[in-house]
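All remarks here apply to the structure that follows.
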Amino acid sequence: MAPRQATEDVEIDGIMIPKGAVIQLSPAVMNMHPLVWGPDAQEFNPDRWSDLTGGAKSAYAFETFHNGPRMCIGKQLSFMEMKIMLVEMMRKFKIEKPLGDEEKRVEVAGPAFTLRPKENLVVRLTEM
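For the sequence shown, the positions run 2 to 129 when this note's numbering is used.
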């Protein structure tokens, strides 16, 4: 979330940003914007990644690591680590919701620099 300074006056979506203004984008807010991700953008929905539509298809829609020449140099490493961790967890454990929580929704606290659930996220792990 490195701040940037406008090098010239510019208007973006009706908002005037004067030369010299310091701006900072919040990836957490951008990654939950209903105009890009749909009306359920605030809901935990891993299935949304299987069929991206509209603005969500843009390379600039998912801004966690930013894009372009100032993109986070750890982006690819982070994705690889996440994939390895998920594959290993799914290979070794059966992951289920706790009994009685079948209809419980995950609400997000924030948004802030990182996202976290409002309440503890409890799962049932059974070693396979």
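Using N, Cα and C, we set each Cβ at its ideal position, and we do this for glycine too.
Source: prediction; values computed, not measured.
Beta-bridge partners of residue i, as assigned by DSSP
i       : result
Lys-95  : Thr-127
Glu-12  : Met-17
Arg-117 : Ala-110
Other residues of its chain near residue i: CB distance less than 7 Å, five sequence neighbours each side excluded
i       : result
Gln-150 : The chain is shown from 2 up to 129; residue 150 falls before or after that span and cannot be answered.
Span of the alpha helix (DSSP H), counted from its first residue to its last, around residue i
i      : result
Ala-57 : Segment: none, Ala-57 is in no alpha helix (DSSP H) and carries neither H nor E.
Leu-36 : 35-38
Three-way DSSP call (helix, strand, coil) for residue i in this model
i      : result
Pro-4  : coil
Ile-24 : strand
Ile-74 : coil
Proximity test, Cβ basis, 8 Å: residue i and chain B
i      : result
Val-30 : Structure shown: chain B not included; a single protein chain is present.
Cβ distance (whole Å) where residue i is taken to contact residue j below 8 Å
i       : j      : result
Leu-116 : Ala-29 : 5 Å
Thr-73  : Phe-66 : Per the sequence presented here, residue 73 reads as Cys, with Thr not at that position. Confirmed, about 4 Å.
Thr-54  : Phe-94 : About 32 Å separates the two Cβ atoms, so there is no contact after all.
Val-37  : Ala-60 : Contact doesn't hold; Cβ gap of about 12 Å is too wide.
Spatial neighbours of residue i in its chain, beta-carbon cut-off 6 Å, leaving aside the 5 residues before and after
i       : result
Val-123 : Pro-99
Val-23  : Pro-4 and Gln-6
Phe-45  : Val-107
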